[in-house]
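Protein chains: 2
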Amino acid sequence: MANPTQLETAMAMLMSVFDKYAMSEGKKDMLSKSELRSLMEKELPGFLKNPKDQAEVDKLMKDLDHNGDSEVDFSEFVVFIAALTCACHSRPKKK
Amino acid sequence: MANPTQLETAMAMLMSVFDKYAMSEGKKDMLSKSELRSLMEKELPGFLKNPKDQAEVDKLMKDLDHNGDSEVDFSEFVVFIAALTCACHSRPKKK
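Sequences listed follow chains L and H, in order.
Mind the numbering: the first sequence is residues 1 to 95 in full-length UniProt numbering, read in order.
Mind the numbering: the second sequence is residues 1 to 95 in full-length UniProt numbering, read in order.
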């Protein structure tokens, strides 16, 4: 099998990050609130002003959890990351 | 600055793949049809049955081009990759 391309590698990384944190407790294919908190703390340090602030994590969960099951599934996670990546991409590039 | 995390790296890779192909002709922040074809051929080999088949590329462009400007911008690209990644993630894992 040929080496994965850059795009395939990025897609695989998104899947493996989600799986790594979703596996730690409860349903293996869902992020609970505490799994979401630890993913954000470790993978997107700085995104949450204060990851220990329950209200901030509650709000993020509410924003991501489109089907209201109090968990984040992979498609909800990818929609969030896609939006975040678009925001980063549209930022003016440093000269 | 701390090393980028796995998630930050994946997001940066999505941006750099898009930019690499979008820069080659026309508007620097858009994929023309021929740029989309070459991105697909090189970055997702096998996705298009026949990348030389104009009709297949036309159909893909139509599916991705939500605002009908005959080009693919970064958000249209990321929505496509997010959907593709979800499809890959939900495939039954090989035992």
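Here a beta-carbon is modelled for each residue, glycine too, at the ideal position from N, C-alpha and C.
For L:Val72, go through chain H and note every residue whose CB falls closer than 8 Å to its CB, in chain order. Taking the first residue of the first sequence as position 1, residue 72 of chain L is located at position 72. Under the 8 Å cutoff, chain H gives no residues; its nearest Cβ is about 13 Å from L:Val72.
Where does L:Ser30 fall in DSSP's three states? For the purposes of this step, residue 30 of chain L is taken as the residue at position 30 of the first sequence. Residue identity check: residue 30 of chain L is Met in the sequence provided, not Ser. Three-state result, L:Met30: strand.
Please confirm whether H:Glu43 has its beta-carbon closer than 8 Å to some beta-carbon of chain B. Structure shown: chain B not included; protein chains present are L and H.
Hey, which unbroken runs of the alpha helix (DSSP H) at 4 residues or more fall wholly within the stretch 11 to 77 of chain H? 33 to 43, 54 to 64
If we ignore side chains and look at the alpha-carbon of each, how far apart do H:Cys88 and L:Phe18 end up? On the second sequence, residue 88 of chain H is found 88 positions in, with the first residue counted as 1. On the first sequence, residue 18 of chain L is found 18 positions in, with the first residue counted as 1. Roughly 13 Å separates the two Cα atoms.
Which of the three DSSP states is assigned to L:Ala2 in this structure? For this step, residue 2 of chain L is matched to residue 2 along the first sequence. In the structure shown, L:Ala2 sits in coil (DSSP, three-state: anything other than H, G, I, E or B).
Give the straight-line distance between the Cα atoms of H:Gln6 and L:Gln54, rounded to the nearest whole angstrom. As a working mapping, residue 6 of chain H is identified with position 6 in the second sequence. As a working mapping, residue 54 of chain L is identified with position 54 in the first sequence. Approximately 25 Å between the Cα atoms of the pair.
Hey, does L:His66 have any beta-carbon neighbour from chain H nearer than 8 Å? Taking the first sequence and counting its residues from 1, the one referred to as residue 66 of chain L is at position 66. So, not an interface residue.
Could you tell me whether the Cβ of L:Ala22 comes closer than 8 Å to any Cβ of chain H? For the purposes of this step, residue 22 of chain L is identified with residue 22 of the first sequence, where counting begins at 1. Not one chain H Cβ lies under 8 Å of L:Ala22.
For L:Val78, which residues from the same chain have a beta carbon less than 7 Å from its beta carbon, with the 5 sequence-adjacent residues on both sides left out? Translated into positions along the first sequence, residue 78 of chain L becomes position 78. Contacts found: Leu14.
Suppose contacts are defined by Cβ-Cβ distances below 8 Å. Is L:Leu39 in contact with L:Leu31 by that definition? Here the question's residue 39 of chain L lines up with position 39 in the first sequence. Here the question's residue 31 of chain L lines up with position 31 in the first sequence. The answer is yes: Cβ separation under 8 Å.
Tell me the rounded alpha-carbon separation between L:Lys62 and H:His66. The sequence position of residue 62 of chain L within the first sequence is 62, counting from 1. The sequence position of residue 66 of chain H within the second sequence is 66, counting from 1. Looking at the two C-alpha atoms, the distance is approximately 27 Å.
Which residue's Cα is closest to the Cα of L:Leu84: H:Ala83, H:Ser75, H:Phe80? Along the first sequence, one-based indexing puts residue 84 of chain L at 84. When each option's Cα is compared against that of L:Leu84, the closest is H:Ser75.
With 8 Å as the threshold, decide whether the Cβ of H:Met13 is near any Cβ in chain L. The residue labelled residue 13 of chain H in the question sits at position 13 within the second sequence. Answer yes: the Cβ-Cβ gap between H:Met13 and chain L drops below 8 Å somewhere.
Pull up the distance between the alpha-carbon of H:Ser90 and that of H:Lys52, whole angstroms please. Stepping through the second sequence from its first residue, residue 90 of chain H is reached at position 90. Stepping through the second sequence from its first residue, residue 52 of chain H is reached at position 52. Their Cα atoms are separated by approximately 29 Å.
Is there a Cβ of chain H sitting closer than 8 Å to that of L:Val17, yes or no? Mapped onto the first sequence, residue 17 of chain L falls at position 17. Judged by the 8 Å Cβ criterion, L:Val17 is in contact with chain H.
Of the residues H:Asp29, H:Ser16, H:Leu36, H:Ala22, which one's Cα is nearest the Cα of H:Lys59? Residue 59 of chain H sits at position 59 when you count from the first residue of the second sequence. Selected option, being the one with the closest Cα: H:Leu36.
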